[in-house]
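First up is the structure itself, then whatever we jot down about it.
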Amino acid sequence: MSSLSSFSPPPLTTSSSSATQQRRSCVRRSFRDGACVSLSSVTVSCSTKEPKVVVTRERGKNGKLINALVRHGIDSLELPLIQHMHLPDLDKLTSLLIEATFDWIIITSPEAGKVFLDAWKAAGTPFVRVGVVGSGTASIFDEAVQSSKQYLDVAFAPSKATGKVLALELPKNGNDKCTVLYPASAKASTDIGIYSFCKEYRSTLSSFKLTNGSSISEEGLSGRGFEVTRLNTYTTAPVNHVDQYLLELALSAPVVAVASPSALRVWANLTASRQWDNAVACIGETTASAAKKLGFRNIYYPTSPGLEGWYDLFCCEVTIHCHMEGVGFTLKFDLLDAMRSHDAGGGDRTTARDSYTFLVNWLQRFPEYKANDFYLIGESYAGHYVPQLAQLILEHNNNSNKTINLKGIAIGNAYVDFDANMKGTTEYYWSHALISEELYNKIISTCNFSSPSSVSKKCNAYLDQIDEEIGNIFIYNVYAPLCNNRSPSISDVDPCLPNYIQSYINIPEVQKAMHANITNLPYPWESCNGDMDVVVPVTDTRYAIQKLNLSVKTSWYPWYLQGEVNTHH
Numbered sequence: 001m002s003s004l005s006s007f008s009p010p011p012l013t014t015s016s017s018s019a020t021q022q023r024r025s026c027v028r029r030s031f032r033d034g035a036c037v038s039l040s041s042v043t044v045s046c047s048t049k050e051p052k053v054v055v056t057r058e059r060g061k062n063g064k065l066i067n068a069l070v071r072h073g074i075d076s077l078e079l080p081l082i083q084h085m086h087l088p089d090l091d092k093l094t095s096l097l098i099e100a101t102f103d104w105i106i107i108t109s110p111e112a113g114k115v116f117l118d119a120w121k122a123a124g125t126p127f128v129r130v131g132v133v134g135s136g137t138a139s140i141f142d143e144a145v146q147s148s149k150q151y152l153d154v155a156f157a158p159s160k161a162t163g164k165v166l167a168l169e170l171p172k173n174g175n176d177k178c179t180v181l182y183p184a185s186a187k188a189s190t191d192i193g194i195y196s197f198c199k200e201y202r203s204t205l206s207s208f209k210l211t212n213g214s215s216i217s218e219e220g221l222s223g224r225g226f227e228v229t230r231l232n233t234y235t236t237a238p239v240n241h242v243d244q245y246l247l248e249l250a251l252s253a254p255v256v257a258v259a260s261p262s263a264l265r266v267w268a269n270l271t272a273s274r275q276w277d278n279a280v281a282c283i284g285e286t287t288a289s290a291a292k293k294l295g296f297r298n299i300y301y302p303t304s305p306g307l308e309g310w311y312d313l314f315c316c317e318v319t320i321h322c323h324m325e326g327v328g329f330t331l332k333f334d335l336l337d338a339m340r341s342h343d344a345g346g347g348d349r350t351t352a353r354d355s356y357t358f359l360v361n362w363l364q365r366f367p368e369y370k371a372n373d374f375y376l377i378g379e380s381y382a383g384h385y386v387p388q389l390a391q392l393i394l395e396h397n398n399n400s401n402k403t404i405n406l407k408g409i410a411i412g413n414a415y416v417d418f419d420a421n422m423k424g425t426t427e428y429y430w431s432h433a434l435i436s437e438e439l440y441n442k443i444i445s446t447c448n449f450s451s452p453s454s455v456s457k458k459c460n461a462y463l464d465q466i467d468e469e470i471g472n473i474f475i476y477n478v479y480a481p482l483c484n485n486r487s488p489s490i491s492d493v494d495p496c497l498p499n500y501i502q503s504y505i506n507i508p509e510v511q512k513a514m515h516a517n518i519t520n521l522p523y524p525w526e527s528c529n530g531d532m533d534v535v536v537p538v539t540d541t542r543y544a545i546q547k548l549n550l551s552v553k554t555s556w557y558p559w560y561l562q563g564e565v566n567t568h569h
């Protein structure tokens, strides 16, 4: 049994790169900084700054990812969590390739591909037809295909990189018998429907039978009439020792990268007694599903499969921070969980944590601002994320040395409370003669707005009726003319002004100058807010202020602009 001895932190050296070299345009939140800390044989430059990404594959297999992160100026730390071990079926694989033929060889991971190719070469490179799952797995065969085209045919990849989809799509000639060899990790899924290699090995296929520990999925290959033989050629196991110094560094990183459920289980055990809730960046959907089952919440995986998509995910995770997903030019990317939808406050907590982590790292990058007074300002939904971020800052100021000199907060037109918003909005419609007295009374007498889940079907029906009664109005400014794109406006207040702004923002040169949308999103930028709207009306604000139970320090007074009353305070 192989083992991994304890290791100590490597010596740290520094490197620098220009801001231009470090700049990368992405559409996800993150930070931009630093270089890399490595424990592998890969030669990289390192900085003494805290790592932003922890890479956890087996020792020696993190080099490509580490170097990709270095090229984009991202600090990383290699912390191997699993080790690789060969199993007895590996020797049987070589013998079987010599003595038998199969219609298909199925490879579902890059590691399984490497193990298979070694056995295939040892068997004398017989002709095989291969089906692969995922572009990362396919890339393992590229070099071998170039040198052995006449013997190695990578002939199939499923439309989606999962074993289940492969089982549905693998080509089969009618009712003819079709044999499949599936060499894999002992921990690989049985989704494709497999026969396991029996203990009593002989040189012919007649020695194969269904054994305990296997399953035949009626929805898998076996269910479609394939005769599938599985060999468990290798497995992974937790490392024997994790250096505590490196573990503490890893726990401080915003992102931990995992390439397998095995590594996830090790990380879950290491963090079981810690209040660790940073991001888990998975190599693909299968690993992300395992992360969800293990109870991780901030789970990410790339939309583009393979190593390329994986480190693109990190570059976007760790390069540009947007205070809230979906704001401005940000793109809501694949998340396994629904936290980012802001349901049940989960997304609010994530936004506060993301913003706090960004602030800490930004102040580390620009320490000359640490002593300055700091204010949080926002509007509308900032009624949630500004006070929640302020609370998080104060909590961390008391519990750590990462002090942010928060002096105050300011929120305009704040959306603070669901009940206040719904009652205030309904009252605004009624008080401005936009809905009837009858509908208003039905809503007031029927609806319970204490929480979104408490709204009944009958109440929802009345709320739907609001849309029918108010008609086609511009709810962000109920007094403004409605924009009609068919004819230009000649009024002093042009209702189509937002359209002009939107068109301007979508000009490629403008987006390039703003470092936005350079990834060519398949849809245009759209504005999301106005400043005279019924979405968070004054009646809503009044109800929300009442719930705060605050004392009045300054009485109501008019506010003048250029000698005219502009609003009231």
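When we follow UniProt numbering, the leftmost residue of the sequence shown carries the number 1, and every step to the right adds one.
Where is the CB? At the ideal position from N, CA and C, for every residue including glycine.
Quick caveat: nothing in here was measured; it's all calculated off a predicted structure.
By the Cβ neighbour-count rule, Asn298 is buried, with 16 or more other Cβ atoms within 10 Å of its own.
When C-beta atoms of the segment 546-554 are compared with those of the segment 385-400, fewer than three pairs fall below 8 angstroms, so the two segments do not count as touching.
Distance from the Cα of Val242 is smallest, within the candidate group Tyr429, Lys458, Ser456, Glu58, for Glu58.
Taking 8 angstroms as the cut-off, the beta carbon of Tyr440 is found closer than this to the beta carbon of Thr426. Thr233 places its beta carbon 8 angstroms or farther from that of Leu181. Taking the Cα positions, Asn506 is about 35 angstroms away from Val256.
Classified as exposed, Ser454 has fewer than 16 neighbouring CB atoms from the shown chains inside 10 Å of its CB. Looking at the backbone, the Cα of Val154 and that of Ala138 are separated by about 8 angstroms.
Counting the other Cβ atoms within 10 Å of the Cβ of Ile107 gives 16 or more, which makes it buried. Distances from the CA of Thr403 to each of Ser95, Thr94, Asp373 were compared; the closest alpha carbon is that of Asp373. Residue state for Gly174 is assigned as coil, using DSSP reduced to three classes. In terms of CA proximity to Gly220, Thr162 leads the group Asn175, Thr162, Leu247, Val266. In the DSSP annotation of this structure, Ala186 is not part of any alpha helix (DSSP H), being labelled neither H nor E. In the three-state reduction of the DSSP assignment, Ala259 falls in the coil class.
About 13 angstroms separates the beta carbon of Cys447 from that of Tyr429, a gap too long to meet the 8 angstroms contact definition.
Secondary-structure assignment with DSSP links Ser76 through a beta bridge to Val53. Residue Cys282 holds the alpha-carbon nearest to the alpha-carbon of Ser260 among Cys282, Ala250, Val510. Contiguous alpha helix (DSSP H) elements confined to the segment 435-490 occur at 437-446, 457-470, taking only those with 4 or more residues.
From the listed residues His396, Thr125, Arg274, Asn278, the smallest Cα separation to Asp354 is found for Asn278. For a cut-off of 8 angstroms, the C-beta gap from Asp540 to Asn421 is around 5 angstroms, short enough to register as a contact. Looking at the DSSP output, Trp104 sits in a beta bridge with Val180.
Beta-bridge partners of Val228 (DSSP): Val180. With fewer than 16 other beta carbons inside 10 angstroms of its own, Glu169 counts as exposed.
The C-beta distance from Ala352 to Ile377 rounds to 16 angstroms, too long to meet the 8 angstroms contact threshold.
Look at Thr162 here: in three-state DSSP terms it is coil, with no helix or strand label. Distances from the alpha-carbon of Phe116 to those of Gly174, Glu437, Asp89, Val280 put Asp89 closest. Straight-line spacing of the CA atoms in Asp417 and Ala544 works out to 6 angstroms. The beta carbon of Ile435 sits closer than 7 angstroms to the beta carbons of Tyr429, Ile466, Glu469, Ile470 from its chain, once the five residues preceding and following it are set aside; these are given in chain order. For Ile140, the enclosing alpha helix (DSSP H) starts and ends at 135-140. If the five residues before and after Leu87 are omitted, its C-beta is found closer than 7 angstroms to the C-beta atoms of Ala186, Asn232, Thr233, Tyr234, Thr235, all from its own chain and listed in chain order. Shown here, Arg265 sits in a helix according to DSSP, grouped into three states.
Bounds of any alpha helix (DSSP H) do not take in His241, whose DSSP letter is neither H nor E. When rounded, the separation of the alpha-carbon atoms in Ala122 and Leu97 is 9 angstroms. Excluding its 5 nearest sequence neighbours in each direction, Trp276 has C-beta neighbours in its own chain below 8 angstroms: Leu251, listed in chain order. DSSP, read as helix, strand or coil, puts Gln275 in coil.
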